[in-house]
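First residue of the sequence shown: 2, per the numbering used here; consecutive thereafter.
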Amino acid sequence: MGVPVERYSRITGKNRREICLLRGFPCRWGKCAFCDYIEDNGRDEAAMAVQNRQVLSKVTGEMRVLEVINSGSCFELPEATLEDIRALVREKGIEKLFFESHWMYRGRLEEMRRRMGVPIVFKIGVETFDREFRQKVLNKNADFESPAQVAEYFDSPCLMVGIQGQTREMIAYDIECLKKYFKLGTVNVYNNNTTPIKRDEELVRWFMDAYSWLLEDPSVEVLYEITDFGVG
């Protein structure tokens, strides 16, 4: 994928918030079979901090909620950027943050909550609760056994649908788990990229028909295109 063009946006539909796409260090795992989202990472900490500060300067605080994403986990953002976010929370009256983290950082979530000083909705890229498909096909390195185990740490799972090898039954189970164990969630309809993992068009059509009700569900955001949040 190319380097993102848009890095700041406002989500005015479900869960109104401002959103910033920032740059961080390379994903600590970085081996997910479906992910080619690596060009936006970097190793020049000072340059990334300056660029991230420019993006964060666009935040107004009018919605009192801010989501920060990067091509990895929030723990991989530059230290200066994390300090800038903490300062922004105070300056703009932010009352809630959305962050994303890999399963491997589950033991550090409370540390980040204490640091920021406001409630954080932690998202996690689960992709699927089918352990075999998640681990052996998607190579997620997230070896939890059950959705209940994920819910002990995280608030909002991100699922992926429409991948070759996935089945209707797997998707149905994933949506069932999402609604049963979590108050919020995101469903990403898979789009082809440079990886060998490919989209199943028939499965996507079935999902968009069978689960069209999710489009009206206030607790679930369905992303048909990867830029549906206005960044990327």
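Just so it is clear, CB atoms sit at the ideal spot from N, CA and C, and this is done for glycine as well.
A quick note: this is a predicted structure, and the numbers were derived from the prediction, not measured.
Just to confirm my understanding: we take residue i, look at its own chain, exclude 5 residues before and 5 after, and list those with CB closer than 7 Å. What are they?
i	result
residue 106	74 and 76
residue 62	93, 94 and 95
residue 158	125, 127, 151, 179, 183 and 186
residue 216	223
residue 171	129, 131 and 134
residue 219	15
So what does DSSP say about residue i, is it helix, strand or coil?
i	result
residue 203	helix
residue 1	Residue 1 lies beyond the residue range present for the chain, which begins at 2 and ends at 233; the question has no answer from this structure.
residue 39	coil
residue 124	strand
residue 226	coil
If you draw a straight line from the alpha carbon of residue i to that of residue j, how long is it in whole angstroms?
i	j	result
residue 68	residue 83	13 Å
residue 56	residue 8	7 Å
residue 205	residue 91	42 Å
residue 164	residue 36	13 Å
residue 53	residue 81	9 Å
residue 87	residue 189	29 Å
residue 100	residue 208	27 Å
residue 155	residue 143	13 Å
residue 114	residue 121	6 Å
residue 116	residue 29	21 Å
residue 191	residue 104	21 Å
Can you tell me whether residue i is buried or exposed, with buried defined as 16 or more other CB within 10 angstroms of its CB?
i	result
residue 3	In this prediction, residue 3 has a pLDDT of 45, which is less than 50 and means its spatial position is unreliable; what the coordinates show is noted afterwards. Exposed.
residue 197	exposed
residue 193	exposed
residue 45	exposed
residue 66	buried
residue 25	buried
Cutting at 6 Å between CB atoms, please list the residues of its own chain near residue i, excluding the five before and the five after it.
i	result
residue 27	42
residue 180	none
If you measure from the CB of residue i, is any heavy atom of the ligand SAH nearer than 7 Å?
i	result
residue 203	For the ligand SAH, the structure offers nothing, since it holds no ligand at all.
The alpha helix (DSSP H) with residue i in it runs from where to where?
i	result
residue 93	80-93
residue 53	46-57
residue 177	169-182
residue 219	Segment: none, residue 219 is in no alpha helix (DSSP H) and carries neither H nor E.
Got a sec? Which residues, its chain only, sit under 8 Å from residue i by beta carbon, not counting five neighbours each side?
i	result
residue 149	182
residue 39	27, 28, 31 and 72
For the beta strand (DSSP E) holding residue i, just list the boundary residues, first then last.
i	result
residue 7	Where residue 7 is concerned, there is no enclosing beta strand (DSSP E), given that its DSSP letter is neither H nor E.
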